[in-house]
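See below for the structure under consideration.
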Amino acid sequence: MKKDRILLIGGGGHCKSVIDVIEQENKFEIAGIIDVAEKIGTKVLGYKVIASDDALEQLFKDYKYALVTVGQIRSNTLRIKLFDKLKSIGFTLPTIQSPLAYVSSHASVAEGSVIMHHALINADAKVGKNCIINTKALVEHDAQVEDHCHISTGAIINGGVVVKEGTFVGSQSTTKEYREINGFIKAGSIAK
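Everything in the sequence shown is counted per the numbering used here, starting at 162 for the first residue and increasing by one.
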């Protein structure tokens with residue numbers, strides 16, 4: 162069966178992790194990576210950087226699927242800008258989910274979000290657009306992760322928590338139940 166071809170926007174470390182998930186999921190064929198002009202012709206895990214952001218409108222003639230593969234630590238500004246640009250051009254931004262992750266059939270995950278290996282999203286949890294739910298992260302029942310968030314490796318979002326739009330939750334941090342969190346939650350902390 163022929164797979165749809167997808168463009169990956171951003172060729173750094175997060176892109177490598179997403180490539181691995183896409184290969185494992187086996188739903189898309191990676192057509193190429195879009196990065197800064199200086200990197201055109203280089204490769205990321207064997208996939209070629211084929212163009213810069215300036216070529217996205219032209220590339221849309223041949224490719225309908227794209228995904229933001231720029232990571233988010235200090236700021237999500239670039240991820241949001243790229244997501245909005247892709248949407249305005251007309252690209253479809255699929256949800257990518259590792260077959261090693263668990264997403265409840267009673268949960269929802271919006272477009273452009275990536276669920277990495279061994280992540281858990283439990284019943285009635287909601288994950289917004291353009292989010293990263295990283296390796297071994299837990300989004301517990303009734304939690305809401307709003308658009309453009311990054312839930313880092315091993316982070317725990319407990320039941321009923323609302324993670325406000327654009328929030329970064331650091332590795333191994335934990336939230337208390339039924340709280341609202343916003344901004345930058347540093348690694349290893351307890352978000353009260």
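Even glycine gets a Cβ: it sits at the ideal position worked out from N, Cα and C.
Can the beta-carbon of residue i be found closer than 7 Å to that of residue j?
{"i": "N319", "j": "T336", "result": "yes"}
{"i": "K287", "j": "G273", "result": "no"}
{"i": "A227", "j": "L247", "result": "yes"}
{"i": "C310", "j": "V322", "result": "no"}
Alpha carbon to alpha carbon, how far is residue j from residue i? Give it in angstroms, no decimals.
{"i": "K209", "j": "N343", "result": "37 Å"}
{"i": "C292", "j": "V330", "result": "11 Å"}
{"i": "G251", "j": "K353", "result": "40 Å"}
{"i": "S182", "j": "Q219", "result": "One detail in the question is off: residue 182 reads as Val in this sequence, not Ser. Rounded to whole angstroms, V182 to Q219 spans 27 Å at the Cα level."}
{"i": "D308", "j": "E190", "result": "26 Å"}
{"i": "D285", "j": "S266", "result": "9 Å"}
{"i": "L299", "j": "M277", "result": "11 Å"}
{"i": "L239", "j": "V270", "result": "21 Å"}
{"i": "V275", "j": "F244", "result": "13 Å"}
{"i": "G232", "j": "K164", "result": "25 Å"}
{"i": "A268", "j": "E301", "result": "10 Å"}
{"i": "F221", "j": "S350", "result": "42 Å"}
Could you have a look at residue i and say whether DSSP puts it in helix, strand or coil?
{"i": "V323", "result": "strand"}
{"i": "D223", "result": "coil"}
{"i": "G193", "result": "strand"}
{"i": "A298", "result": "coil"}
{"i": "E307", "result": "coil"}
{"i": "L243", "result": "helix"}
{"i": "S259", "result": "coil"}
List the residues that DSSP assigns as beta-bridge partners of residue i.
{"i": "A352", "result": "T336"}
{"i": "R166", "result": "E190"}
{"i": "I346", "result": "V330"}
{"i": "I341", "result": "A quick correction: the sequence has Glu, not Ile, at residue 341. Paired residue(s): V323."}
Would you say the beta carbon of residue i is closer than 6 Å to some non-hydrogen atom of the ligand ATP?
{"i": "R235", "result": "Ligands are entirely absent from the displayed structure, and the ligand ATP is therefore not among its contents."}
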